[in-house]
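Asks:
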Amino acid sequence: MATTDRQATTLALAHALSAAERGLAVIPLSRTKLPALRSPHRDDPDPAPCHGECGRFGHGVYDASTDPARIRELFAAAPWATGYGIACGLPPHHLIGIDLDTKSGTDASAALRELALRHLFTIPPTVVVLTPSGGRHLWLTGPPDVVVPNSAGRLAPGIDIRGAGGYLVGPGSRTDHGVYSTAPATSHIGPAPCPRALLRLLLPPPRTHHLTPLSAGGHGQGLVQFVLAAHEGQRNTRLFWAACRAYEDGIGPALVDPLVEAALNTGLTEREARATIASAARMTGHRP
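Just so we're aligned: 268 in the numbering used here is position 125 of the sequence shown, and the numbers increase by one with no gaps anywhere.
(1) Whose CA, out of Ser252, Lys176, Asp206, lies closest to the CA of Ser182?
(2) Within this structure, are the beta carbons of Asp303 and Trp223 separated by less than 8 Å?
(3) Among the candidates Ser294, Val312, Gly428, Cys231, whose CA atom is the shortest distance from the CA of Leu432?
(4) Where in the region 209–235 do unbroken runs of the beta strand (DSSP E), each at least 3 residues long, occur, reported from the N-terminal end onward?
(5) Name the DSSP bridge partner or partners of Leu238?
(6) Report buried or exposed for His202, applying the criterion of at least 16 other Cβ atoms within 10 angstroms of its Cβ.
(7) What separation, rounded to the nearest whole angstrom, lies between the Cα atoms of Ala389 and Lys246?
(8) For Asp244, which residues in the same chain have their Cβ closer than 6 Å to its Cβ, ignoring the five residues on either side in sequence?
(9) Which residues does DSSP list as the beta-bridge partners of Asp303?
(10) From Ala191, Pro188, Cys231, Leu341, pick the residue whose C-alpha is nearest to that of Ser208; which is it?
(11) Can you name the start and end residues of the beta strand (DSSP E) that Ile170 belongs to?
(12) Taking DSSP as the reference, what is the three-state secondary structure of Ala207?
(13) Check each candidate in Arg305, Arg417, Thr269, Thr380 and name the one with the smallest Cα separation from Pro327.
(14) May I ask you to check if the CB of Gly428 is nearer than 7 Å to at least one heavy atom of the ligand MN?
(15) Do Ile239 and Gly333 count as a contact pair if the criterion is CB distance below 8 Å?
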């Protein structure tokens, strides 16, 4: 068993280094699909939040790297690792993972097809990773200025989303249940851009009861208030959603400056705000 594990670790490292060459940040995983390195703060009586600032390994997805030397160090520190995780939401790909599960007794693939029909989007040809349980991971890319959160079953039963702060088990990883592999027909393509209609479904649901209906003479005031109510960590996401809504309602150009001003009040810079609004314009088929 020890020899088999050493072989699995060697293969996992090779696959991880190959993924890193394509700009995908990776971490070593154990056979349980969890990060192989435990937190260095696990025995602290009152640990302060740390995302790797301490300089030690063991911070999960925050250890993820594309640097070959650092990846080798991570695997050297975890010789029991038999797989690797690919961090989502990081540049240059800003990866979004659509996890179609089969263990819940639901047909996640059928649920995704139903969503596509209802919201008028098509999943483009993209990387598909086959899981040992018969599920599938679809790899998509998102805009750099939009934070897609992780979620489980929110989109539909059996569909989990891996976004910022999450990771996908990389193809070639060996777990207790088997090996993850790339679907043969997708092994030579890269992750495709997420359809904009699907992207809007992946964003946190807005608190619509705070919005003034545009038809009631609010002229987008509700959207501005929605942006003003953003807390740190959701400022770009709320601004992007509000700008998409404004362009869809035909008031995008008129609302650019009010939205920028609202974003400045939440702590974004003017450059960040205008870039996010421009991204929303492009995603809704308009010229920024």
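Yeah, the Cβ is synthetic: ideal placement off N, Cα and C, and Gly gets one too.
Replies: Reading it off the structure:
(1) Asp206
(2) no
(3) Residue 432 is absent from the model: the chain starts at 144 and stops at 431.
(4) 226–230
(5) Thr284
(6) buried
(7) 40 Å
(8) Ala251, Gly278, Gly301
(9) Asp242, Ala295
(10) Cys231
(11) 169–172
(12) coil
(13) Thr269
(14) Of the ligands one can find in the structure shown there are none, so the ligand MN has no counterpart to examine.
(15) no
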